[in-house]
Structures are given as C-alpha cells and as structure tokens.
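>
Residue numbers (my numbering): 1 to 517.
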C-alpha cells in the first residue's frame, strides 16, 4: 500500500531533517498565504514580498535534495523534471556553466552530501578525458569540452563557437575543491580532489603555449563560451588565443593545486612545481581603454554586447581571483563590464540573470544584486517557481539561491596564512556584504562557510547584528562587518574573533547616523 499519506510520511521523514538545517527569515508579509503565481504577479506589480525570496531560496534547496541524491546522476539542465520525449538540449550536462551553477548553493546551503554526484561524475569525466587529452591534444592529464552526458563523454561536438572549448574539466575541479574548503576534510582532499586538480593542471602544462609577442603563456585555440567577436576586417569569428575566461580557469586550477599541495605537504611534487612556474608566466586578463575587462586578448568588436554568457568575469565569480584586497583594478573593470552588458540587454535568460546576482553580490552592490534577483523572479520564473530560460531550465533556481546567500555572507577571500597542513583553511568572512534596504530585518541559521565554519545564527536590524559561529576545528577567524557597523575591536574595517569550546559570539552595532526605517 503506497497511499498518499504513507508516501507523504516517507517524504517528510527523508526531507525534513535536511531542510531544517537552514532557516531563513527576510521579513513576514501578508502575501504568504497566497499561491506562488499570485505572489509573482504582485511582485511584478511592484509590491514587496521579502518572504517570497526566502521561499525561493528554500525551494532551490528542496530541488537539489530531490534531484541529486548520493549515488545518483547529477542534476541535469532540467534537474529531473522533463516533460518531453526529446528534451531541450537533450537534458544533458553543459559544463561551460550550467552544471556548475546547479551546485553553487550545495555547500553554503548545508547540502554537502547532495554535492557528491558531481564528484562521482567529474571522476568519470577525468577517466574519459585522459583519452581525449591524449588523442586530440597530445597532452597528459585530463580535460573536457562544453557538453557531456550520462556516459561522461569529453570530445567536442557541434559548432566551434561552443564545442571548441576545452576548459570544462578545469572548471569542474572547482567543485571538489569547494567541498574541501567548506569541510576541511583532508582525506577527501587527498583521495578525490587532489587527483582531479593535479590531472587538470597536468593537461594545462602541455596545452599552454608561449605568445611570441609577449612571452607569456596563453591557452588556445578556443572559444569564449558561445560568444562571437568581430575581427578588424569585419568578419565574425569565435576562436582565439588567451581568452580571458581560459586564462582565469588555468590560473584557478594552478592556484588551487598549489594551495592543496601546502595542506598535503606535496609542494615538491613535479606537477605542482611546474604549475607554480607556469602561473608566474601566465598572461592575465587585460583591461581595455574603456576600462572594461576584455573578453578576448585583442580589442575585437562584440557581435552581441548583451550576450548571456559573461565568461570573462569567471575570476569574480565563481572564482576568487578578483577581489577588493588584491586586485581592485579588476573589481572596477568587472563593474564596468557588467554595466555594459546590461545596457545592451544582458541577463535575458534565467541562469544569466542569476549569475548577475552573484556578480553584484561579490561587488558588494546591494542595490544591483537585489534588482537582478527581483528581475529573476519577475521575468524568468514560472508560476511554480521553476526557472525559465525559456524554456524551463533548473540552473537559474540554483544560481539565484547561491546569489541570495552571497548577499548575506561571503567567505571566499583567503587570509594571508590561509593554508596549512595543521588546520582547516582560513578565510575572511564578510557579514551582510550586499544587504538590500528591502531586507532591513532578518535572520538566517545554518549556512556553511569556507574554513569548516557554520553560521549558527545571524540576526539583524538597522541598529544591530547578532552572530554566532560554530566550528570544532577553528581557533579564530577574521570578520569584516557591513558598512557603518563595528564591534568593540576593529582594525582597518576587519577584526579577529576567537572560538571558545567550538563557538564564537559576536555583536555588531551601528556607529553611524541611523538610516530612516
């Protein structure tokens, strides 16, 4: 007997403990009792509904729990909800952003075990990708192009504008690395993340070549995912050398490998040593005369200046190469790049709009982050809260949830002594870095931060922020409060908090004129 009550009971028993790991309250509203289609219409009409964003965040968590159980396949472009015999894009795995975006919230939203199918899948990609690297590029290591499927194929398919892009594997290594950063699990790092990072770096060491004009190392030939440029003589083209995203992914792989080597005492490993030397020679993304980050290594014209992919800002998000502390020039160039994209119609797909939320959160631009999150719901969300590419595509749900979390707390900037073989990594924690005025009061519990830390409580109002962090492995961490707030000890806008018996309690108070409520 599998009647409704029995199925519901089994479902609740499975889902409730997981869903209750995180709670989020952005404010209560009268609309809470209304159907989601009505609430979306009222949001489109200009009525604020903070609790709808809380529901949207929790719905994304529910979707990931539903379609990415350990031991199963990863969530595909439609998660697992496909009504078609021939699904859009074959319901496959696009690894030039879509599969990765599906798992952006996995760690921070306290769903680490539901990240596991991606680790399994990436290991299968690496196995197939070694053969592809050898046969197509005469290279060691492993790689993958832009699309794969249940059999983890890694060869290029389709037109060059999307198919000739061999960096899907490099990007996928970010996921096991992120799991280590959040968990501090050295056994996982050694047995699963390290072989993937090392194999990807090995491929890049063979794949990179020297630019005869600069002497710098560049990746290519490849496309910048799905985008086209205009050459000096007016032709449309899509293959270049040293494209910004390619260089940023290579930098990311080399850097993460080097940091992992510190933890594992593998700094003298031959691939690590070669990656360290190669990173010093790696060409960095260039900033154009107009102050924008250049997507290609030459100042080509843009065939689609509002293109949905914003690949050249990988270093801002999901990477962390661009940050306020070490690369302020790239932060400003990123802002100008986003302004230009949006001025030309960017963000017109659900997942692209979700990426914008994450970008602006990393820029600490609360107004733009919130505006794009609102637009994600207003323009690119179906009545049941599914993301609308169009058609339905699940990545926007997950990207939007990840962006919302980034608006509340960030932990991607590594401290100067961040990596050690004796403890989990250390990252600076930004508190409420992109909090919009519409969420002036709220509370969140249970988010996971890099460095093996749980945000047990963050409760805020216009005058005060209460924080409680938990970690069994940390002794201290650095906090950066939101603008206008401070604690009793503040130095250069940041301060160090200590853990006692696995807990750290912090209260921040507003020290500037109160804003009107």
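Yeah, the Cβ is synthetic: ideal placement off N, Cα and C, and Gly gets one too.
Let's test the definition: count the other Cβ atoms within 10 Å of the Cβ of residue 84 and tell me whether it reaches 16, buried, or not, exposed.
In the chain shown, the residue the question calls residue 84 occupies position 84. Exposed, since its Cβ has fewer than 16 Cβ neighbours within 10 Å.
> Quick one: Cα of residue 292 to Cα of residue 336, how far?
Translated into positions along the chain shown, residue 292 becomes position 292. Translated into positions along the chain shown, residue 336 becomes position 336. Spanning the two alpha carbons is a distance of roughly 5 Å.
> Looking only at C-alpha atoms, which of 242, 417, 396 and 40 sits nearest to residue 295?
Here residue 295 is taken as the residue at index 295 of the chain shown, counted from 1. With distances taken between Cα atoms, residue 295 lies closest to 242.
> Among residues of its own chain, excluding the 5 on either side of residue 99, which ones have a beta-carbon nearer than 7 Å to its beta-carbon?
Counting from one through the chain shown, the residue named residue 99 turns up at place 99. Taken in chain order, the residues that qualify are 74 and 93.
> Does chain D have any CB closer than 8 Å to the CB of residue 486?
Reference to chain D is not applicable here, since this structure consists of a single protein chain.
> Alpha carbon to alpha carbon, how far is residue 356 from residue 408?
Start at 1 with the first residue of the chain shown, and residue 356 comes out as number 356. Start at 1 with the first residue of the chain shown, and residue 408 comes out as number 408. The alpha-carbon atoms of residue 356 and residue 408 are separated by roughly 16 Å.
> Give every residue of the same chain whose Cβ lies closer than 7 Å to the Cβ of residue 368, excluding the five residues on either side of it in the sequence, and list them in chain order.
As a working note, residue 368 is residue 368 in the chain shown. Counting only Cβ-Cβ distances below 7 Å, and skipping sequence neighbours, we find 360.
> Which residues in the same chain as residue 349 place their Cβ atom closer than 6 Å to its Cβ, once the five residues preceding and following it in sequence are excluded?
In the chain shown, residue 349 corresponds to position 349, counting from 1. So the list reads 308 and 389, once near-sequence residues are dropped.
> Taking the beta carbon of residue 78 as the centre, do at least 16 other beta carbons fall within 10 Å, making it buried, or is it exposed?
As a first step, residue 78 is located in the chain shown; it is residue number 78 there, counting from the start. Looking at its Cβ environment, which holds 16 or more other Cβ atoms inside 10 Å, residue 78 is buried.
> Can you check whether the CB of residue 249 is closer than 8 Å to the CB of residue 170?
In the chain shown, counting from the first residue as 1, residue 170 sits at position 170. In the chain shown, counting from the first residue as 1, residue 249 sits at position 249. In this structure, residue 249 lies closer than 8 Å to residue 170 by Cβ.
> If you run the structure through DSSP and keep just helix, strand and coil, what is residue 491?
Against the chain shown, residue 491 aligns to sequence position 491. Summary for residue 491: the model assigns pLDDT 46, below 50, so the residue's position carries little reliability; its value from the coordinates is reported in the next sentence. Of the three classes helix, strand and coil, the one that applies to residue 491 here is strand, per DSSP.
> I'd like the span of the beta strand (DSSP E) that includes residue 505, first residue to last.
Your numbering for residue 505 matches position 505 in the chain shown. 503-510 is the extent of the beta strand (DSSP E) around residue 505.
> For residue 458, list the residues DSSP reports as bridge partners.
Here residue 458 refers to the residue found at position 458 of the chain shown. Beta-bridge pairing links residue 458 to 444 and 467.
> Which value, in whole angstroms, describes the spacing of the CA atoms of residue 3 and residue 10?
As a working note, residue 3 is residue 3 in the chain shown. As a working note, residue 10 is residue 10 in the chain shown. Distance between the alpha carbons of residue 3 and residue 10: 11 Å.
> Identify whether residue 240 lies in helix, strand or coil by the three-state DSSP scheme.
The residue you call residue 240 lines up with position 240 of the chain shown. Strand at residue 240.
> Between the Cα of residue 436 and the Cα atoms of 25, 365, 119 and 281, which residue gives the shortest distance?
Locating residue 436 in the chain shown gives position 436, counting from the first residue. When only C-alpha atoms are compared, the closest one is 365.
> Given this structure, state the Cα-to-Cα distance separating residue 59 from residue 477, to the nearest angstrom.
Sequence index remark: in the chain shown, residue 59 carries index 59 (1-based). Sequence index remark: in the chain shown, residue 477 carries index 477 (1-based). Computed Cα separation, rounded: 31 Å.
> Around the C-beta of residue 381, are 16 or more other C-beta atoms found within 10 angstroms, so that it is buried, or is it exposed?
Taking the first residue of the chain shown as position 1, residue 381 is located at position 381. The residue is buried, with at least 16 neighbouring Cβ atoms inside 10 Å.
> In chain order, what residues of the same chain have a beta carbon less than 8 Å from the beta carbon of residue 507, not counting five sequence neighbours either side?
Counting from one through the chain shown, the residue named residue 507 turns up at place 507. So the qualifying residues of the chain are 464, 465, 466, 467 and 487.
> Run through DSSP, which three-state label would residue 154 get?
Taking the first residue of the chain shown as position 1, residue 154 is located at position 154. Three-state result, residue 154: coil.
> From residue 226 to residue 474, what does the alpha carbon distance come to, in whole angstroms?
In the chain shown, residue 226 corresponds to position 226, counting from 1. In the chain shown, residue 474 corresponds to position 474, counting from 1. Roughly 43 Å separates the two Cα atoms.
> Straight-line CA distance for residue 107 to residue 213?
Sequence index remark: in the chain shown, residue 107 carries index 107 (1-based). Sequence index remark: in the chain shown, residue 213 carries index 213 (1-based). Answer to the nearest angstrom: the Cα atoms are 42 Å apart.
> Buried or exposed: which applies to residue 503, given that a residue is buried once 16 or more other Cβ atoms fall within 10 Å of its Cβ?
Position 503 of the chain shown, counted from the first residue, corresponds to residue 503. Residue 503 should be labelled exposed.
> How long is the line joining the alpha carbons of residue 42 and residue 147, rounded to whole angstroms?
Working through the chain shown from its first residue, we reach residue 42 at position 42. Working through the chain shown from its first residue, we reach residue 147 at position 147. Spanning the two alpha carbons is a distance of roughly 38 Å.
> Can you tell me whether DSSP reads residue 21 as helix, strand or coil?
As a position in the chain shown, residue 21 is number 21, starting the count at 1. Three-state DSSP puts residue 21 in coil, outside helix and strand.
> On the three-state DSSP scale, how would you describe residue 31?
Counted from its first residue, the chain shown places residue 31 at position 31. Of the three classes helix, strand and coil, the one that applies to residue 31 here is helix, per DSSP.
> For residue 301, write down the residues that DSSP places opposite it in a beta bridge.
One-based indexing of the chain shown puts residue 301 at position 301. Per DSSP, 230.
> On a CA-only basis, which of 19, 314, 320 and 395 is nearest residue 111? Give me that one, please.
In the chain shown, the residue the question calls residue 111 occupies position 111. Nearest of 19, 314, 320 and 395 to residue 111, Cα basis: 19.
> For the beta strand (DSSP E) holding residue 427, just list the boundary residues, first then last.
Counting from 1 along the chain shown, the entry for residue 427 is found at position 427. Where residue 427 is concerned, the enclosing beta strand (DSSP E) stretches over 427-431.
> For residue 404, I'd like the list of residues in its chain whose CB is within less than 6 Å of its CB, leaving aside the five on either flank, ordered along the chain.
For the purposes of this step, residue 404 is taken as the residue at position 404 of the chain shown. Within the same chain, residue 404 has close Cβ partners 57.
> Which ranges does the alpha helix (DSSP H) cover as unbroken runs of at least 4 residues, wholly within the stretch 341-403, from first to last along the chain?
Correct list: 350-362 and 366-379.
> With DSSP collapsed to three states, give me the class of residue 311.
Along the chain shown, one-based indexing puts residue 311 at 311. Residue 311: helix per DSSP, three-state reduction.
> For residue 155 and residue 166, I'd like the C-alpha separation in whole angstroms.
As a position in the chain shown, residue 155 is number 155, starting the count at 1. As a position in the chain shown, residue 166 is number 166, starting the count at 1. Cα to Cα, the separation comes out at about 9 Å.
> With a threshold of 6 Å on Cβ separation, who are the neighbours of residue 509 within its own chain once the five nearest residues in sequence on each side are excluded?
By 1-based counting over the chain shown, the position of residue 509 is 509. 464, listed in sequence order.
> Taking contact to mean 3 or more Cβ pairs, one atom from each stretch, closer than 8 Å, check whether the stretch 421-436 and the stretch 260-279 are in contact.
Yes: at least three Cβ pairs fall under 8 Å.
> In chain order, what residues of the same chain have a beta carbon less than 6 Å from the beta carbon of residue 64, not counting five sequence neighbours either side?
Here residue 64 is taken as the residue at index 64 of the chain shown, counted from 1. Counting only Cβ-Cβ distances below 6 Å, and skipping sequence neighbours, we find 111 and 114.
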